[in-house]
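One structure is given here, and the rest of the page talks about it.
In this note's numbering, the protein residues as written are 40 to 417.
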């Protein structure tokens with residue numbers, strides 16, 4: 040078993056909190072990962088799988104269990120399902136941004152807008168990562184996973200993962216347990232073979248972020264370069280010289296609310312429909328049809344609202360911090376809580392709770408944390 044001397048999780052997570060766990064194993068191959076998981080499950084001890092550590096907020100007390108570091112890597116080309124499509128299988132521990140760079144270099148479209156997102160490929164489907172209108176769900180074919188309950192290795196189609204806005208059946212949401220306890224071993228994507236030339240960019244949100252008109256044409260490489268620049272301006276690209284990047288990315292999710300609740304918010308608050316409005320299909324059995332067709336029922340879509348706007352308009356600006364606290368809001372991005380210098384988890388949690396309280400008081404909405412919280416409460 041690949042057991043190593045435990046490393047403080049503050050050194051392995053981008054928010055830089057957490058003590059050394061009781062035990063730690065490094066899994067550098069698919070077989071080592073499977074063996075490690077089956078061992079800890081058989082023992083019935085607490086366990087935590089650690090990829091890039093970019094979506095974890097770990098408490099100050101040592102984790103009394105085994106942390107398994109997923110260090111697997113590799114990209115494999117599979118038979119194409121159709122002309123113009125490249126199907127790739129990627130090991131769970133592979134760096135997400137390295138994977139994106141790989142696709143861009145080969146003229147494969149579908150994930151370039153997600154350049155610079157830290158973490159591993161195996162973590163990407165768990166919360167259906169996305170940026171600028173692109174999401175993993177748009178290119179994901181299936182995942183290979185090992186199920187804790189049965190110990191079986193299974194291939195699960197994307198349609199069975201419950202993928203939604205920053206969620207899936209595998210995600211550990213704050214205050215609840217995942218619908219399915221399992222660990223991803225590999226991920227399969229279908230990407231469009233568009234080549235190195237210029238092309239129009241689909242997606243209004245991405246064009247707006249990059250300052251492109253609808254008819255402008257650019258290469259995938261240009262998109263990746265400019266997305267990385269945009270993320271760096273917001274402190275969302277890891278940089279040891281920039282404390283604004285010592286974060287878990289967006290600490291709070293953009294809130295998804297009903298259309299009626301969204302109308303109670305100020306008109307200036309940025310809002311986006313989560314799904315296009317659709318009329319519900321009406322099926323009338325032929326033997327029951329009497330010639331009357333009732334009016335179609337129109338259901339309003341839910342609305343995603345900007346949590347960053349809510350935070351700033353509740354009186355908490357970029358760079359906010361309590362006196363003598365080593366935790367603070369990023370100076371570049373109001374959604375990111377940052378470790379300004381050896382802050383402990385309680386300092387960051389104190390700031391998070393204060394922000395939640397302010398937004399709830401001003402707008403009647405409780406912001407939900409996006410990272411997985413381990414040994415810490417809000």
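We put the CB at the ideal spot given by N, CA and C, even for glycine.
Because the structure is a prediction, the values reported are computed rather than measured.
{"Item": "Where the beta strand (DSSP E) containing residue 264 begins and where it ends", "Value": "Per DSSP, residue 264 belongs to no beta strand (DSSP E); it is in the alpha helix (DSSP H), 259-272."}
{"Item": "Integer Cβ distance of residue 136 from residue 155, believed to fall under 8 Å", "Value": "6 Å"}
{"Item": "Residue 47 to residue 253 span [Cα, whole Å]", "Value": "48 Å"}
{"Item": "Alpha-carbon to alpha-carbon, residue 221 and residue 202", "Value": "15 Å"}
{"Item": "Among 358, 121, 409 and 69, nearest to residue 161 - alpha-carbon criterion", "Value": "69"}
{"Item": "Alpha-carbon to alpha-carbon, residue 241 and residue 54", "Value": "33 Å"}
{"Item": "Uninterrupted beta strand (DSSP E) stretches inside the segment 328-362 (no shorter than 3 residues)", "Value": "342-344"}
{"Item": "Residue(s) in a DSSP beta bridge with residue 390", "Value": "BP columns for residue 390 are empty, so no partner."}
{"Item": "Buried or exposed (CB count within 10 angstroms, at least 16 for buried), residue 288", "Value": "buried"}
{"Item": "DSSP three-state assignment for residue 50, whether helix, strand or coil", "Value": "helix"}
{"Item": "C-beta atoms of residue 65 and residue 43 nearer than 8 Å", "Value": "yes"}
{"Item": "Candidates 85, 413 and 393, of which the one nearest residue 406 by Cα", "Value": "393"}
{"Item": "Inside the segment 131-169 only - alpha helix (DSSP H) runs reaching at least 4 residues", "Value": "135-144"}
{"Item": "Simplified DSSP assignment, three categories, for residue 93", "Value": "coil"}
{"Item": "Residue 246 in three-state terms, based on DSSP", "Value": "helix"}
{"Item": "Within 8 Å, strictly: CB atoms of residue 270 and residue 276", "Value": "yes"}
{"Item": "Cα-Cα separation between residue 316 and residue 399, rounded to whole angstroms", "Value": "Because residue 316 sits at a pLDDT of 43, beneath the cut-off of 50, its placement in the model cannot be relied upon, and the following sentence gives the value as read from the coordinates. Rounded to whole angstroms, residue 316 to residue 399 spans 28 Å at the Cα level."}
{"Item": "From 76, 246 and 145, residue whose alpha carbon lies closest to that of residue 123", "Value": "145"}
{"Item": "Residue 255 burial status per 10 Å Cβ neighbour count (16 or more: buried)", "Value": "exposed"}
{"Item": "Cross-strand partners of residue 203 (DSSP beta bridge)", "Value": "206"}
{"Item": "Residue burial classification, residue 327 (beta-carbon count within 10 angstroms, cutoff 16)", "Value": "exposed"}
{"Item": "Residue 228, DSSP secondary structure in three states", "Value": "strand"}
{"Item": "Three-way DSSP call (helix, strand, coil) for residue 72 in this model", "Value": "helix"}
{"Item": "Segment limits, alpha helix (DSSP H) that includes residue 366", "Value": "Careful: residue 366 lies outside any alpha helix (DSSP H), inside the beta strand (DSSP E) at 366-368."}
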